[in-house]
Amino acid sequence: MFTNLEKYKTTELSKVKRWEKVAKTEVFPENGGSCIKLGELQIAVFRFSRRNEWYACQNLCPHRMQMILSRGIIGTEGEEPKVACPFHKQTFSLKTGKNLNGDLCDLATYPIKVADGYVYLGFED
Amino acid sequence: MKNIIVVGNGMVGYKFCEKLVEASKDFKLTVFGEETIPAYDRVHLSEYFSGSSADKLMMAPRTWYEEQGISLRTNELITQIDRENKTVTNHLGQQFVYNKLILATGSAAFVPQIDGAEKKGVFVYRTIEDLDAIISYGEYAKSAAVLGGGLLGLEAAKAVKDMGLTTHVIEFAPRLMPRQLDDEGSGLLKEKLEELGIGIHLQKSTTKIHGNGKLTGLEFADGHTLAVEMLVISAGIIPRDELGRKAGLEIGQRGGLKVNEYLQTNDPDIFAIGEVASCNNMIYGLVAPGYEMASQVVNQLTGKSVKSFLGFDMSTKLKLIGVEVGSFGNPICVGTATKTIVYKDKNKGLYKRINVSQDGKKLLGGILVGDSNEYSMLLQMVQNEMVLPPEPEDLILGKRGGDENAQWGGVAVLPEEGTVCSCENICKGTLTKAIVEGAHQVNALKKCTKAGTGCGGCLPMVNDLLKHELKNLGKNVKNVLCEHFEYTRQELLDYVKIKKIKTYSELLDKYGKGEGCEICKPAVASILSGVWNELIVRQDSIQDTNDRYLANIQKGGSYSVVPRVPAGEITPEKLIVIGQVAQKYRLYTKITGGQRIDMFGARVDQLPDIWEELIDAGFESGHAYGKSLRTVKSCVGSTWCRYGVQDSVSFAIKVEERYRGLRSPHKLKGGVSGCIRECAEAQSKDFGIIATDKGWNLYVCGNGGSKPQHAQLLVQDINEEDCIKYLDRFLMYYIRTAEPLTRTAKWLQSLEGGIDHLRDVVVQNSLGLGEEFEKEMAFMVSTYACEWKEVVENPALRARFKHFVNSEEPDPNLAFEEVRGQKTPVDWQKY
């Protein structure tokens, strides 16, 4: 299995050295998620159209180590944008990666930007 | 700042932290726990066996301790206290200075001296680690005995039974729960547990554990033996007083650290709370007194008024494998002058006893077996010394005849200072104040008052109180969908219909707030389908993953595929196609409970290809993924069966094809049987039709699952046409009015007037909605289309079925292994 959590590290926007162009904006469903493959990494990208925001985090749910989060329903808890894992409805903040309804470890989150109709993900290396 | 050190991170140790940080932030608080994980709920430990995760049992996540500024050190054992220098030392030799030390080290399982207790297969029942060991050993065992027929022993027996083992309970005393029950109560409980297949062995003193290295059986003092493969010891507790003992603290007569009424040991800077404290030579093995001790120590440290701890009510209520037991106040009243009132009903399996004071004015205690509904109310009466009604037997028999509104009990007459939650010691006044201040939901009320967060036994009462107070405040009590919609499902459905709303976003803009969530999105999706019946994948991001990919997600992230096989009738040709498709895509196949075939292990990108082949062969979606009609199960009926009186297969096909694809608040299952023998098990379905020699009997609102319910007879001896008419009305009424994810049986329970009301609406047309319901159903039937056919034929929709958007590769993490010649997913990876 390749699902080790260690490969996923939160990247700070200020430390981004490389912006990876991943896909056209239109391939992402409105108010939903899709999965991006980058080498061995699987990144869940969410197009939160209602808030005009984009988010990216690891696709791996740390609860049962399932590659699934991009298929989760997104929404808000108070002001916090969140995603719910389809398997057992664990919810995570899309901003900070924190587990909102339990004690699981944080998700790694990645800076994301949109330019010229394309989505870019930020990395430190 | 003063250093406070808590040794022991169990329920009571945790409660101390919670109360202290709530009262004051002027302390530096350090907590040591010898277990690897933070404090968890031991009271509900048996839920761990029925699948509750350790996370769920946790009192608070690690982050909570961080947020509160508490230094939590798990996996660290304190080995020494230096009272002179006021330090403690952990097993790594590190020293920590305290100003006040709280010992909440709890207790360990008491293991009686039995020859052979060291053998493999002998366990104690105390920690999550014990449970893990029991679970893994239990996988290879068929039978187990629990030593101890007390509260904890019976909890352990439940857990062992949930693991599927043949279960025995062995008790030294002549009755079960000897502290809480009398002979009669214990006798009934024993009968009930035996009915459930649990062997009860009373007055047995275990002398020897047989087996060569591994347990094979038990021997008792009376010479009898019992062959079992496992033994779980739950025969009592012994206080973990070794740390205090070593430091020279005084010890109580039955062990435990001796404390005064302020929970102080003989060292004024060291307190003991919970099961390690010995107060008047009494050890309290329940959580409520432990919490009270924690509160009183916090009050002292923060300079609040302190109540001295002089003893504690040991009332308890629990549900054992479906048998309710309650014991409150002074249950047995040995040596106390008392009058008892006893009610026994062998037929219904009830035993109720109340002990009334000699002068007939006060309730002293009692016992409830079989039905503990009155527990909270009776406990209040004891604790608050409330005056008994003129006929005290009304308390356990209910008011018989006369004025039904004359209330003698319940929340309304409870005084403001009356305790509602005894674990947290919350009185009615605190709760009513919180309700008036805006806590209008049970969860909010639990959060701000902590009531109901211990054993949970008072929650029905908290709920009653909430409803009562809201009514007083002039509020309507209603079940709103979630934080985004302040409406019930029924209200939203009405708005959707009247305002012709077709999308989730539009409904949220008009009637909601925030941006939705995993609760309201699928619920609204179900409402929209139930009104407009449009293709659900058009709004795919509001659907749960099963409805988004029109297949059932399984462990590992693959999906399963179920084509519709109406009434379970299938031609050999179609069977062959299913076999060929499964073979081609290497799918695991299994017959479902609903008379069809499930194909597991399909990748998301394979789904459209699989369905293209199935549709070519004449199949259509089985909607196994949807909250919608699943199957209408049938027996062969009069066409083949020598007993059949009607053609059940033809009718089942007709019914299944009529309601296929119908979206509803929860899944719907039906059944049609060709005679009274009921081989289709129609009475366990949401609707069941059973042939009679005159026509059909229609049953509604049954289900299988965790809480099986028999369907109830709605109407008798009707023809096919009427049967379908009543089904149309029944289903539409359910779809319109049920809460989200509520099966028909639960919906019926919440309908005022129950089955009689339902019959009035459906058969007598009392609301005058019959024709409207029929028209709506006709619309659903005429607009039905196979979702998979539309996806297969629509390249844009089809393109959504892939794992990555930037690569055609499938998910490289999907992994399968072979079991009995077929593939299965690898097990969950452990976190």
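So the sequence lines, in the order shown, correspond to chains L and G.
The first sequence runs 1 to 125 under the numbering used here.
The second sequence runs 1001 to 1831 under the numbering used here.
We put the CB at the ideal spot given by N, CA and C, even for glycine.
All figures in this text were calculated on a predicted structure; none of them were measured in a lab.
{"Item": "Beta bridge counterpart(s) of Lys-1352/G as assigned by DSSP", "Value": "Tyr-1343/G and Leu-1368/G"}
{"Item": "Unbroken alpha helix (DSSP H) run spanning Gly-1429/G, endpoints", "Value": "1428 to 1436"}
{"Item": "Other residues of its chain near Leu-1363/G: CB distance less than 8 Å, five sequence neighbours each side excluded", "Value": "Gly-1329, Ile-1354, Asn-1355, Val-1356, Ser-1357, Leu-1378, Met-1381, Val-1382, Met-1386, Leu-1388, Pro-1392 and Leu-1395"}
{"Item": "The beta strand (DSSP E) enclosing Asn-1090/G, as first and last residue numbers", "Value": "1087 to 1090"}
{"Item": "Close-in-space but distant-in-sequence residues of the same chain around Pro-86/L (CB under 7 Å, 5 per side omitted)", "Value": "Ile-68, Arg-71 and Gly-72"}
{"Item": "DSSP-derived helix/strand/coil call for Lys-1161/G", "Value": "helix"}
{"Item": "Chain C within 8 Å of Asn-1552/G, Cβ atoms only", "Value": "Going by chain labels, chain C is absent from the structure shown, which instead holds the protein chains L and G."}
{"Item": "Pair within 8 Å by beta-carbon distance, Ile-112/L and Leu-94/L", "Value": "no"}
{"Item": "Residue from Thr-1216/G, Ser-1372/G, Gln-1709/G and Leu-1092/G whose Cα sits closest to the Cα of Glu-1118/G", "Value": "Thr-1216/G"}
{"Item": "Under 7 Å by beta carbon: chain G residues contacting Ser-34/L", "Value": "Val-1805"}
{"Item": "Limits of the unbroken beta strand (DSSP E) element including Val-1122/G", "Value": "1122 to 1124"}
{"Item": "C-beta neighbour in chain G for Gly-75/L, strict 8 Å", "Value": "yes"}
{"Item": "Gly-102/L at chain G interface by Cβ criterion, 8 Å", "Value": "yes"}
{"Item": "CA-to-CA distance, Leu-1249/G to Asp-106/L, given in whole angstroms", "Value": "44 Å"}
{"Item": "Under 7 Å by beta carbon: chain G residues contacting Asn-31/L", "Value": "Ser-1541"}
{"Item": "Asn-1299/G (DSSP reduced to helix, strand or coil)", "Value": "helix"}
{"Item": "Buried versus exposed, by CB contacts within 10 Å (16 or more), Ser-1308/G", "Value": "exposed"}
{"Item": "Length of the line joining the Cα atoms of Val-1088/G and Val-1031/G", "Value": "12 Å"}
{"Item": "Chain G contacts made by the region 38 to 71 of chain L, where a contact means CB separation under 7 Å", "Value": "Arg-50, Arg-51, Pro-62, His-63, Arg-64, Met-65, Gln-66, Met-67, Ile-68 and Arg-71"}
{"Item": "Beta-carbon proximity check, Lys-1192/G vs Val-1323/G, cutoff 8 Å", "Value": "yes"}
{"Item": "Nearest to Gly-1661/G (by Cα), restricted to the options Tyr-1585/G, Arg-1564/G, Arg-1596/G and Ser-1634/G", "Value": "Arg-1564/G"}
{"Item": "Own chain residues within Cβ distance below 8 Å of Glu-1417/G, not counting five before or after", "Value": "Asn-1384, Cys-1427, Lys-1428 and Gly-1429"}
{"Item": "Chain L within 8 Å of Lys-1521/G, Cβ atoms only", "Value": "yes"}
{"Item": "CB contact check: Pro-1061/G to chain L, cutoff 8 Å", "Value": "yes"}
{"Item": "Anticipated Cβ contact below 8 Å, Trp-1788/G with Ile-1578/G, distance rounded", "Value": "15 Å between Cβ atoms; not a contact."}
{"Item": "Other residues of its chain near Glu-1404/G: CB distance less than 6 Å, five sequence neighbours each side excluded", "Value": "Note that Glu-1404/G scores 38 on pLDDT, short of 50, meaning its location in the model is unreliable and no value can be drawn from it."}
{"Item": "Amino acids of chain G, ordered along the chain, whose beta-carbon sits closer than 9 Å to that of Phe-92/L", "Value": "Chain G residues near Phe-92/L: none, gap ~11 Å exceeds 9 Å."}
{"Item": "Proximal chain L residues relative to Thr-1545/G, where beta-carbon distance stays under 7 Å", "Value": "Arg-71 and Pro-86"}
{"Item": "Three-way DSSP call (helix, strand, coil) for Gln-1180/G in this model", "Value": "coil"}
{"Item": "Leu-984/G versus Leu-1181/G - alpha carbon distance", "Value": "Because chain G in this structure spans residues 1001 to 1831, residue 984/G falls outside the shown range and cannot be described."}
{"Item": "Val-1111/G CB to nearest heavy atom of the ligand ATP below 7 Å", "Value": "Only the bare structure without any ligand can be found here, which leaves the ligand ATP out of the picture."}
{"Item": "Proximity to Leu-1397/G [Cα-Cα], best of Asp-1082/G, Ala-1815/G and Glu-1374/G", "Value": "Glu-1374/G"}
{"Item": "Proximity winner among Ala-56/L, Ser-14/L and Arg-64/L, relative to Gly-994/G (alpha-carbon distances)", "Value": "In the structure as shown, chain G begins at 1001 and stops at 1831. Residue 994/G is therefore absent and cannot be evaluated."}
{"Item": "Bridge partners - Ile-1713/G, DSSP secondary structure assignment", "Value": "First, the residue type needs correcting, since residue 1713/G is Leu and not Ile in the sequence shown. Partner(s): Tyr-1699/G."}
{"Item": "DSSP beta-bridge partners of Arg-47/L", "Value": "Gly-32/L and Trp-54/L"}
{"Item": "Reduced DSSP category for Ala-1144/G - H, G, I as helix; E, B as strand; rest coil", "Value": "strand"}
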